[in-house]
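All residue numbers for the sequence shown refer to the UniProt record's numbering, where the first residue is 1 and numbers rise by one. Positions of the beta carbon are idealized from the N, C-alpha and C atoms, including for glycine. The structure appears right after this line, and notes come after that.
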Amino acid sequence: MEQSPAKRRKKNNAQSSPLPTRSLDYFFGRQAVRKEEKSGEKGPDVEPGTHATNHVESDEELARRLQQQWEEEDKTQQQSHSDAPTSRANGGPETATESQHDGLGPTEENDAINSKPAAATAEMVARKDLLGLQSTASAEDTITLNLPFDQSPLTFNPSDYIPELKKHWAADGGNASYALLTRCFVLVSSTQSRIKIVDNLVNCMRLLIEADPDSLLPAVWLTTNSISPPYVSLELGLGGSAISKALKKVCGLDGSGLKSLYDKHGDAGDVAFEAKKRQSFTLRKPKPLSIQGVYQLLVKIANSKGTGSVEQKQRFVERLVQDARGAEESRYIVRTLCQHLRIGAVKTTMLIALARAFSLSRPKGADFPLQDVAELRRLKKEELTATWLRAEEVVKGCFARRPNYNDLVPMLLEVGVSDELRVRCGLALHIPLRPMLGSITRDLSEMLTKLQGRDFSCEFKYDGQRAQVHCDERGKVSIFSRHLEVMTDKYPDLVALVPDIRGDGVSSFILEGEVVAVDQDSGELKTFQTLTNRARKDVDINTIQVEVCLFSFDLMYLNGQSLLDRSFRERRGLLRSMFVEKKNRFTWVKSLEATSADSETVLEFFKSATDVKCEGIMVKVLDNLPNSELQTSEEAVEEMSAPQTPSKGKKGATKKSQGAKDEEKDKGTRRKALLATYEPDKRLDSWLKVKKDYATSADTIDLIPVAGWHGQGRKAKWWSPILLACRDPITGSLQVVTKCISGFTDKFYQANKEKYAEDGDNTHSSKPSYIEYGGHPDVWFEPQEVWEMAFADITLSPTYTAAIGLISEERGLSMRFPRFLKIREDKGLEEASTSDFLAGLYRKQEARIKEAGGAVETLEEAEEDF
1 MEQSPAKRRK
11 KNNAQSSPLP
21 TRSLDYFFGR
31 QAVRKEEKSG
41 EKGPDVEPGT
51 HATNHVESDE
61 ELARRLQQQW
71 EEEDKTQQQS
81 HSDAPTSRAN
91 GGPETATESQ
101 HDGLGPTEEN
111 DAINSKPAAA
121 TAEMVARKDL
131 LGLQSTASAE
141 DTITLNLPFD
151 QSPLTFNPSD
161 YIPELKKHWA
171 ADGGNASYAL
181 LTRCFVLVSS
191 TQSRIKIVDN
201 LVNCMRLLIE
211 ADPDSLLPAV
221 WLTTNSISPP
231 YVSLELGLGG
241 SAISKALKKV
251 CGLDGSGLKS
261 LYDKHGDAGD
271 VAFEAKKRQS
281 FTLRKPKPLS
291 IQGVYQLLVK
301 IANSKGTGSV
311 EQKQRFVERL
321 VQDARGAEES
331 RYIVRTLCQH
341 LRIGAVKTTM
351 LIALARAFSL
361 SRPKGADFPL
371 QDVAELRRLK
381 KEELTATWLR
391 AEEVVKGCFA
401 RRPNYNDLVP
411 MLLEVGVSDE
421 LRVRCGLALH
431 IPLRPMLGSI
441 TRDLSEMLTK
451 LQGRDFSCEF
461 KYDGQRAQVH
471 CDERGKVSIF
481 SRHLEVMTDK
491 YPDLVALVPD
501 IRGDGVSSFI
511 LEGEVVAVDQ
521 DSGELKTFQT
531 LTNRARKDVD
541 INTIQVEVCL
551 FSFDLMYLNG
561 QSLLDRSFRE
571 RRGLLRSMFV
581 EKKNRFTWVK
591 SLEATSADSE
601 TVLEFFKSAT
611 DVKCEGIMVK
621 VLDNLPNSEL
631 QTSEEAVEEM
641 SAPQTPSKGK
651 KGATKKSQGA
661 KDEEKDKGTR
671 RKALLATYEP
681 DKRLDSWLKV
691 KKDYATSADT
701 IDLIPVAGWH
711 GQGRKAKWWS
721 PILLACRDPI
731 TGSLQVVTKC
741 ISGFTDKFYQ
751 ANKEKYAEDG
761 DNTHSSKPSY
771 IEYGGHPDVW
781 FEPQEVWEMA
791 FADITLSPTY
801 TAAIGLISEE
811 RGLSMRFPRF
821 LKIREDKGLE
831 EASTSDFLAG
841 LYRKQEARIK
851 EAGGAVETLE
861 EAEEDF
């Protein structure tokens with residue numbers, strides 16, 4: 001059977017030809033020659049674009065005639081510079097909104113045309129963007145590809161590029177093209193400099209602010225690799241098969257070709273890049289993607305539910321992949337669909353970029369003040385940093401109180417970075433604020449040193465789940481996790497309890513506490529593992545088997561008033577006076593008021609916490625001002641201060657990190673002003689964690705399992721050893737730290753092998769590009785969970801690149817004798833330990849060794865060879 005041109009082009013083992021190449025004459029000519037050879041007859045000689053008498057048009061003739069018509073239409077449109085909207089097949093206008101929502105043109109019409117005789121489908125091919133060999137190279141947006149987003153924001157001027165861009169966008173509906181974001185993503189991915197990453201984002205956001213403000217919010221969501229805040233249930237729900245099917249259908253790949261590309265590159269986005277790059281022609285000219293159109297189509301995918309939703313999602317995915325112009329757009333569209341954008345633009349980076357962008361640009365019609373660029377250019381580096389910092393703190397503070405770009409970005413467009421922004425983005429009921437976090441201290445003596453001269457409260461650190469409880473005047477209750485996810489359906493018993501704990505005069509509130517599994521008869525605390533046995537959602541209050549108690553410890557909002565600026569002593573007083581305890585169901589965390597002079601009392605309290613299965617204690621500053629009566633005892637604990645980090649290890653000199661220099665610079669000014677206010681989304685020394693693991697000098701680290709080898713002997717059917725990695729907070733990559741074979745039970749090994757089954761959805765045969773490691777495990781894991789690990793000590797390593805440049809320019813860090821402790825189900829991947837944290841542990845270790853006059857091996861040979 002004769003193959004069609006489309007089927008011939010689907011072979012993916014051929015090299016792409018230089019463009020432009022084969023025309024319609026070539027493809028239809030070859031087809032005609034072969035038909036003549038088979039039949040021995042020659043068809044009628046009909047000129048393209050004409051009709052023979054009593055002659056039914058063949059597919060070739062129809063295609064030629066339509067192609068000629070479309071070319072004439074193109075010439076006419078170019079001459080008239082028409083900005084009229086694209087017409088639909090039935091002659092009706094297509095609105096901009098419909099265009100954006102539909103993605104970029106229906107592929108279903110293509111299928112219909114190809115499946116019917118030419119004569120019967122003449123009416124269906126009336127629009128010019130269907131059926132016809134189009135060069136994919138000519139479809140790329142060359143205007144946007146040259147935007148210099150990598151310039152300094154103080155030299156980049158959006159108005160230099162906006163007129164030409166708007167003229168270019170007008171032909172495709174008038175909205176900013178997705179190519180603009182792609183250009184930014186490419187530049188951001190090409191650098192590891194955090195300054196450059198921020199500069200690129202600032203310039204991209206500024207251009208959108210001034211040229212197309214309506215596209216700014218979708219651009220922010222797409223850049224942060226999400227489509228909604230955590231407390232709004234809106235997930236794409238796409239599996240790898242949907243993207244694989246789209247790539248095979250759109251790019252003409254078969255299963256083996258797709259697998260070959262994935263085995264080589266290990267990243268779905270890179271596979272899409274290569275597939276699109278090899279594609280020379282397409283039967284349908286891509287309709288340019290807009291930023292708004294891409295975001296709205298992602299929302300449609302997330303909202304597709306019920307019967308037929310799988311097929312509907314598949315069509316949406318295919319539209320996005322098909323209409324991506326060029327290889328780079330394809331790469332980032334597919335990475336967005338996979339929810340692994342990997343450009344290093346985390347939440348903090350985006351907030352910094354928005355703060356700076358709105359300090360330099362504003363949309364047309366807005367009148368909020370801007371920074372004078374000429375003045376900024378004259379500032380010294382330190383002065384410029386301080387200027388940026390003031391704006392960044394405003395934006396970060398607003399987002400911490402109202403963590404939703406749907407609230408933040410429209411307010412920024414209206415009032416800019418101003419005090420008015422703080423007012424409009426304050427606390428709101430049923431919108432979770434980002435929780436305040438505590439700093440880690442190694443032991444009690446370090447804690448007492450940091451809180452020298454202060455009154456503080458020690459609290460049991462319960463082994464449960466942190467919860468933020470909201471209640472409004474009507475009695476509606478919402479419960480959120482520390483990750484801002486909704487847990488209201490998980491704890492219907494706590495919801496039912498709220499009316500009973502509200503004291504007289506309490507109409508609305510936001511309080512925080514720890515949900516702990518508790519024996520209701522004895523009051524005995526149970527472990528976190530017991531709590532995890534409780535269903536995650538849709539819990540029936542009548543069938544609850546794991547009973548819980550809420551141990552409250554803070555009050556952030558009461559009767560319409562924010563309490564964030566009140567001291568912890570005042571907030572705690574209101575909590576305990578305005579709410580009612582319920583035995584083994586609602587109470588306060590057990591606490592003790594103390595000062596740095598009460599070391600023995602604090603030690604006894606710490607021991608009592610660990611005796612009842614608590615993780616340790618939390619220590620919180622009570623008042624904003626120091627206790628003047630305690631200042632004279634400062635020298636009493638000075639000797640307990642942690643020593644500074646040495647600049648050299650035992651084996652050769654290493655470059656002193658900036659962190660170590662800063663520590664030495666700050667020596668003597670260690671005790672900075674500590675405020676007792678509630679600071680959302682900040683980790684401060686006002687709150688300190690002292691856990692039993694730290695107190696026994698056993699540091700732990702939270703790592704991500706990324707690969708494994710086939711075990712030997714008894715462990716041959718499991719993965720052992722397992723490779724673990726930490727996060728690079730700048731690039732978002734995973735840096736491998738160590739292999740582990742210790743601490744696992746047979747039951748765990750079995751569950752782990754089932755989770756990361758070979759050839760399963762959670763494993764890869766080739767290394768993902770975002771993992772930094774030169775070895776060759778038998779299988780690569782899809783990063784999904786965080787493991788808490790113990791270890792003997794940290795060593796310099798030529799094998800692993802974790803924290804390279806922070807301690808040594810040539811070698812990274814590894815760990816000796818790592819041991820698995822538990823899965824951190826309370827932590828997401830973004831909360832795994834960073835390379836900076838690993839470097840900090842190494843510095844503390846070296847400081848302890850220097851203090852003791854000893855040394856720790858930093859020999860590469862000390863690492864276990866698996």
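Tell me whether residue i is buried or exposed, calling it buried when 16 or more other Cβ atoms sit within 10 Å of its Cβ.
| i | result |
| --- | --- |
| Val202 | buried |
| residue 874 | Nothing in the structure corresponds to residue 874, since the chain is present only between 1 and 866. |
| Lys461 | buried |
| Glu392 | buried |
| Asp728 | buried |
| Asp702 | buried |
| Glu344 | Looking at the sequence provided, one finds Gly at residue 344 rather than Glu. When all chains shown are included, Gly344 counts as buried. |
| Asn542 | exposed |
| Ala751 | exposed |
| Gly365 | exposed |
| Lys396 | buried |
| Ala176 | buried |
| Leu389 | exposed |
| Thr142 | exposed |
| Ile195 | exposed |
Looking at the strands, I want to know which residues DSSP matches up with residue i.
| i | result |
| --- | --- |
| Arg683 | Leu437 |
| Met618 | Glu459, Lys689 |
| Cys740 | Ile722 |
| Pro705 | Leu724 |
| His470 | Ser478, Ile510 |
| Trp588 | Ser552 |
| Ala790 | Thr700, Arg819 |
| Lys582 | Phe586 |
| Val232 | Val232 pairs with nothing; no bridge assigned. |
Rounding to the nearest angstrom, what Cα-Cα distance links residue i and residue j in this structure?
| i | j | result |
| --- | --- | --- |
| Leu154 | Gln561 | 40 Å |
| Lys259 | Lys755 | 21 Å |
| Ala357 | Arg342 | 22 Å |
| Trp169 | Leu145 | 14 Å |
| Thr224 | Val317 | 20 Å |
| Val186 | Leu412 | 26 Å |
| Thr801 | Gly812 | 4 Å |
| Gly240 | Tyr842 | 39 Å |
| Gln784 | Gly708 | 14 Å |
| Arg848 | Gly840 | 12 Å |
| Asp778 | Lys583 | 53 Å |
| Leu437 | Lys689 | 9 Å |
Less than 6 Å between C-beta atoms, sequence neighbours within five positions excluded: which residues of the same chain meet that for residue i?
| i | result |
| --- | --- |
| Val415 | Phe368, Leu421 |
| Pro213 | Pro363, Leu413 |
| Ser765 | Asp263 |
Once you ignore the five residues that flank residue i on each side, which residues in its own chain have a CB closer than 8 Å to its CB?
| i | result |
| --- | --- |
| Asn559 | Gly505, Val506, Ser507, Ser508, Phe509 |
| Gly828 | His483, Val786 |
| Tyr161 | Leu147, Leu207 |
Can you list, in chain order, the residues of its chain whose CB lies under 7 Å from that of residue i, leaving out five sequence neighbours each side?
| i | result |
| --- | --- |
| Leu603 | Leu444 |
| Phe744 | Phe820 |
**Asked** Do the stretch 262-282 and the stretch 333-342 meet, that is, are 3 or more Cβ pairs less than 8 Å apart?
**Response** yes
**Item:** Contact between the stretch 524-542 and the stretch 575-582 (3+ Cβ pairs under 8 Å)
**Value:** no
**Message:** Quick test of the definition: if touching needs 3 or more C-beta pairs under 8 Å, does the stretch 542-555 touch the stretch 599-617?
**Reply:** no
**Message:** Does the structure place the stretch 735-748 close enough to the stretch 223-237 that three or more beta carbon pairs sit under 8 Å?
**Reply:** no
**Prompt:** Are three or more beta carbon pairs between the stretch 467-474 and the stretch 427-442 nearer than 8 Å?
**Reply:** yes
**Asked** Counting pairs of Cβ atoms below 8 Å between the stretch 287-296 and the stretch 322-329, do you hit three or more?
**Response** yes
**Asked** Just checking, does the stretch 368-378 make contact with the stretch 201-221 on the three C-beta pairs under 8 Å criterion?
**Response** no
**Asked** With a cut-off of 8 Å, do at least 3 Cβ pairs link the stretch 177-192 to the stretch 200-215?
**Response** yes
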